[in-house]
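Here is the structure we will look at, set down as structure tokens.
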Amino acid sequence: MNATVEELLARLEQLEARVDEHSLFPGASADVLFLLVASLNVFFMQCGFGMLEAGSVTSRSTQAILLKNLLDACLSAFIWWVMGHGIAFDGTNDFIGTAGSDMSSFFLSGYGSGPDSGYHRVFWWFQWTFAAAAATIVSGAVAERTHLLAYLSYTVLITILIYPVIVHWVWSAEGWLSASNADAFQGGVIDFAGSGVVHLTGGTAGLCGAVIIGPRNGRFQKLPEGGLGVPLPMPGHAPVLQVLGTFILWLGWYGFNAGSRLTLSSGDDSAVVGRIVANTTIAASTSGLTALLATLAFSKGRGYDVATMCNGILSGLVSVTAGCATLPLWGALIVGAIGGLVNRGFGQLVLRLKVDDPLEASSVHGACGAWG
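Numbering (this note's numbering), first residue to last: 1060 to 1431.
In structure tokens:
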């Protein structure tokens, strides 16, 4: 009887292998396809950033800010190929990635042409789309008053050193803050899709840039005795582009969050991905409504403001990114609602400090990234 059972189990394994071999998308191929589609969504977010930023500035600055977005994508891709990805994920150092492993990510030199090389290359591309997003966040905070070469110097710095080092801390297996590292500080942190790693990093860099270069001409009232007074309205020239950009970013966020699962072929992957997209939707919509209601209640003269609603939606998306895979739906609702309030409160604080952030990048990505 035992021999018969063993034979049946062996035949069952053979049948499963044959089904997997002849299926349309066997396990490994399904994972590659899943990550490929997610990466396409995240890369499309570059278009969303471009539209949102172009609509939020004056018409004379549109070409300049779109050029910066294009250069962000091109420069960050080259740098991520040369060394960014390697600094983020290679080596055994708990602070920064180093060369020397057989599967070196520097220049993608260790990926070869084996059966797993396709997934590894798509994973590299997926991670580059995150790096490009982190770099692009800053362009909104320093819009309309930054020299091109100065901005490109920042892009190089954040993509080659700042962002990949932070990724290594949290997302590599060896990082000192990584939950995958048994020796991590305080057991590590779980930032599933990058509220802190991507958005807090980009938002903080944007805030520093906005403080250093100062406000745009006409953003604050100039006092007779010198200094700056109350903020003056400088609305964007194209609300249509603002809304279009927001919807594109919202769409891309499903790839951003769900794609961070990285696989779709094993265990409870499908259930987790379903939870992620539901939580992402609830947090975004709740935060948008909360931000609009808070503005109506506490900000005189703002009324039903398109930019407020757009930034509120994005604040909810940023806030839920860290916990999207683990939160219950009611938790996503609370995270989104508080994210909308954090956005409005921090945005007002920044203005009181006479800091000019045209797209509220420090509030949407920095403060809400910290909250998430």
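From the three backbone atoms N, C-alpha and C, an ideal C-beta is built for every residue, glycine too.
As the structure is a computational prediction, the values presented were derived from the model and not from experiment.
CB of residue i within 8 Å of CB of residue j, strictly
i       : j       : result
Tyr1222 : Ala1200 : no
Phe1148 : Ser1254 : no
Leu1373 : Ala1342 : no
Phe1306 : Thr1188 : no
Gly1261 : Asp1416 : no
Thr1345 : Ala1396 : yes
Pro1292 : Lys1413 : no
Val1365 : Val1409 : no
Trp1435 : Ser1164 : Given a span of 1060 to 1431 for the chain in the structure shown, any question on residue 1435 remains unanswerable.
When the options are compared against residue i, the one with the closest alpha-carbon
i       : options                            : result
Gly1177 : Gly1262, Arg1411, Leu1094          : Leu1094
Gly1304 : Ala1089, Thr1063, Leu1111          : Leu1111
Arg1320 : Ile1335, Phe1306, Leu1308, Ser1344 : Ile1335
His1179 : Thr1322, Ala1391, Leu1412, Gly1431 : Thr1322
Thr1349 : Gly1311, Pro1298, Arg1403, Thr1380 : Arg1403
Ala1420 : Gly1311, His1258, Val1394          : His1258
Tyr1210 : Lys1127, Arg1278, Gly1145, Ile1155 : Lys1127
Gly1487 : Thr1380, Leu1351, Leu1287          : Since the first residue shown for the chain is 1060 and the last is 1431, residue 1487 is missing from the structure and cannot be characterised.
Ala1297 : Cys1106, Val1116, Ser1168, Val1331 : Val1116
His1424 : Leu1308, Leu1208, Ser1358          : Leu1308
Val1299 : Ala1158, Gly1109, Ala1097, Thr1151 : Gly1109
Ile1196 : Ser1358, Leu1125, Arg1070, Leu1388 : Leu1125
Gln1245 : Trp1312, Val1229, Ser1120          : Val1229
Alpha carbon of residue i to alpha carbon of residue j, nearest angstrom
i       : j       : result
Ala1353 : Met1162 : 51 Å
Pro1290 : Asn1276 : 11 Å
Gly1318 : Val1091 : 11 Å
His1081 : Ser1088 : Only weak support exists for where His1081 lies, its pLDDT of 49 falling under 50; the value from the coordinates is given anyway. Roughly 12 Å separates the two Cα atoms.
Thr1205 : Asn1338 : 37 Å
Asp1327 : Val1181 : 22 Å
Met1142 : Leu1236 : 21 Å
Gly1247 : Gly1382 : 15 Å
Leu1083 : Ser1324 : Caution is warranted here: a pLDDT of 46 is assigned to Leu1083, below 50, making its placement in the model unreliable, and the coordinate value is therefore given only provisionally. The alpha-carbon atoms of Leu1083 and Ser1324 are separated by roughly 13 Å.
Met1368 : Cys1267 : 25 Å
Gln1186 : Gln1407 : 33 Å
Glu1310 : Thr1340 : Note that residue 1310 corresponds to Leu in the displayed sequence, not to Glu. Those two C-alpha atoms are separated by around 10 Å.
Asp1153 : Val1331 : 29 Å
Gly1399 : Met1104 : 21 Å
Phe1166 : Asn1240 : 26 Å
Met1060 : Glu1066 : Annotation note: pLDDT 47 at Met1060 (below 50); position unreliable, coordinate value reported separately. Computed Cα separation, rounded: 10 Å.
For the region 1211-1283, which segments carrying the alpha helix (DSSP H) assignment without a break, of at least 4 residues, lie completely within its bounds, in sequence order? Look at the region 1211-1283 and you find these whole runs of alpha helix (DSSP H), each 4 residues long or longer: 1222-1230, 1260-1272.
Is the region 1212-1220 in contact with the region 1128-1140, if contact means three or more CB pairs nearer than 8 Å? With a cut-off of 8 Å on Cβ pairs, the region 1212-1220 is in contact with the region 1128-1140, counting three or more such pairs.
Counting only runs that start and end within the region 1083-1150, where is the alpha helix (DSSP H) found for 4 or more residues in a row? Runs found: 1086-1115, 1121-1138, 1144-1148.
Runs of alpha helix (DSSP H) wholly within the region 1361-1429 (minimum 4 residues, chain order): Counting only runs of 4+ residues, the alpha helix (DSSP H) found wholly inside the region 1361-1429 occupies 1365-1379, 1388-1411, in chain order.
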